[in-house]
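Numbering-wise, numbering that gives the first Met the number 0 puts 131 at position 132 of the sequence shown, and it's gapless, one number per residue. Quick reminder that beta carbons are idealized off the backbone N, C-alpha and C, glycines included. Remember, predicted model here, so these are calculated numbers, not experimental data. Everything below concerns the one structure shown next.
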Amino acid sequence: MELLPTKLIEKDGEWYQVQKLIHKPNLDHVETVSGSADEYYTYSELADTRKARPQQRRLFFALLSDIYTWSGMPTDFLKNLFYLQYESYTFGKQISLSDTTESSVSDANRLLDLVIDFMFEWHVPFKEGYKLLPREQEYYLFQCCRHRVCMICGNRADIHHVDVIGAGLNRTHVDHTKRHVMALCRVHHSEIEQIGSVAFSAKYHVPVDGIKLDKETLKRIGLKGKYSSD
Ligand SMILES: [Zn+2]
Ligand SMILES: [Zn+2]
0 MELLPTKLIE
10 KDGEWYQVQK
20 LIHKPNLDHV
30 ETVSGSADEY
40 YTYSELADTR
50 KARPQQRRLF
60 FALLSDIYTW
70 SGMPTDFLKN
80 LFYLQYESYT
90 FGKQISLSDT
100 TESSVSDANR
110 LLDLVIDFMF
120 EWHVPFKEGY
130 KLLPREQEYY
140 LFQCCRHRVC
150 MICGNRADIH
160 HVDVIGAGLN
170 RTHVDHTKRH
180 VMALCRVHHS
190 EIEQIGSVAF
200 SAKYHVPVDG
210 IKLDKETLKR
220 IGLKGKYSSD
């Protein structure tokens with residue numbers, strides 16, 4: 000993803016983002032995919048351009064230490080491995096989490112996503128890194144659902160459906176294309192049912208309504224029809 004300078008404009012009560020592009024877009028391609036060469040859809044994400052935070056660095060090395068415990072590969076070797084993976088992932092962009100880094104918070108998050116991905120993929124136990132994990136971050140919560148890992152303790156989890164609609168509403172009128180879900184083990188599942196999601200969220204610093212997944216995503220991670228509505 001390219002970092003684009005963006006200007007915000009308000010006109011007649013509507014808000015517009017104007018982005019300065021680095022190259023002229025491939026207009027043939029734009030027209031093919033959107034049916035118009037000057038009106039089309041893009042994704043937009045706020046880039047956190049502050050310098051990478053010390054707590055991101057701490058999390059990165061705690062995770063590497065967990066991978067070391069699991070694999071015996073030295074953390075220096077692992078660090079270079081993930082830096083290289085980041086480079087190929089971003090088509091040659093350099094990353095560093097040293098004190099004098101030029102990398103941004105967003106860059107560091109992308110690197111951390113690669114490490115977290117790796118750990119979920121290979122079932123590396125989160126130990127040191129677990130208490131530092133970004134539980135409020137959508138990406139982590141999503142990976143927990145995808146790999147059926149409890150977002151609180153890391154044990155084997157089932158999917159808990161969070162009822163954000165409020166009691167008393169007829170379930171048949173609920174929009175079934177979007178679901179609020181959490182990955183919770185048996186213990187944490189009974190706890191949330193016991194103390195309620197507000198107290199649970201305050202105790203463990205997790206979003207009170209879990210994460211919202213659309214039908215496509217639910218299907219992609221194999222959840223369609225497999226979660227109960229309790
Ligand atoms: Zn748990
Ligand atoms: Zn439940």
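Check: Ala182 burial status per 10 Å Cβ neighbour count (16 or more: buried); Outcome: buried
Check: Enclosing alpha helix (DSSP H) for Gln142 [first to last residue]; Outcome: Glu137 to His146
Check: Boundaries (first-last residue) of the alpha helix (DSSP H) holding Trp14; Outcome: Premise fails: Trp14 lies in the beta strand (DSSP E), Glu13 to Gln18, not in any alpha helix (DSSP H).
Check: Contact test: Val186 Cβ vs ligand 1 heavy atom, cutoff 7 Å; Outcome: yes
Check: Proximity test, Leu183 beta-carbon vs ligand 1 heavy atom, cut-off 7 Å; Outcome: yes
Check: Contact test: Cys144 Cβ vs ligand 1 heavy atom, cutoff 7 Å; Outcome: no
Check: Own chain partners of Leu276 with C-beta closer than 7 Å, once the 5 adjacent residues on each side are dropped; Outcome: Since the first residue of the chain shown is 0 and the last is 229, residue 276 is not available in this structure.
Check: Closer than 7 Å: Ile151 CB and nearest ligand 4 heavy atom; Outcome: What this structure holds is ligand 1 and ligand 2, not ligand 4.
Check: Neighbourhood of Gly221 by C-beta, 8 Å cutoff - its chain only, sequence neighbours within 5 removed; Outcome: none
Check: Member of His122, Leu131 and Gly128 whose CA lies at the smallest distance from the CA of Arg145; Outcome: His122
Check: Contact set for Leu110: own chain, Cβ-Cβ below 6 Å, skip 5 residues either direction; Outcome: Tyr85 and Ile94
Check: Identified DSSP bridge partners for Ser103; Outcome: Lys50
Check: For Lys214, three-class secondary structure by DSSP; Outcome: helix
Check: Length-filtered (4 minimum) alpha helix (DSSP H) runs lying within the segment 54-102; Outcome: 74-88
Check: Of the residues His160, Arg155, Pro124 and Glu137, the one placed nearest Val186, counting alpha carbons only; Outcome: Arg155
Check: Near ligand 1: Asn154 beta-carbon under 7 Å from a heavy atom; Outcome: yes
Check: For Thr41, the first and last residue of its enclosing beta strand (DSSP E); Outcome: Note, Thr41: premise wrong, no beta strand (DSSP E); not H, not E.
Check: Opening and closing residue of the alpha helix (DSSP H) in which Lys126 lies; Outcome: Note, Lys126: premise wrong, no alpha helix (DSSP H); not H, not E.
Check: Beta-carbon spacing of Lys78, Leu62 below 8 Å; Outcome: no
Check: Three-state secondary structure assigned by DSSP to Glu9; Outcome: strand
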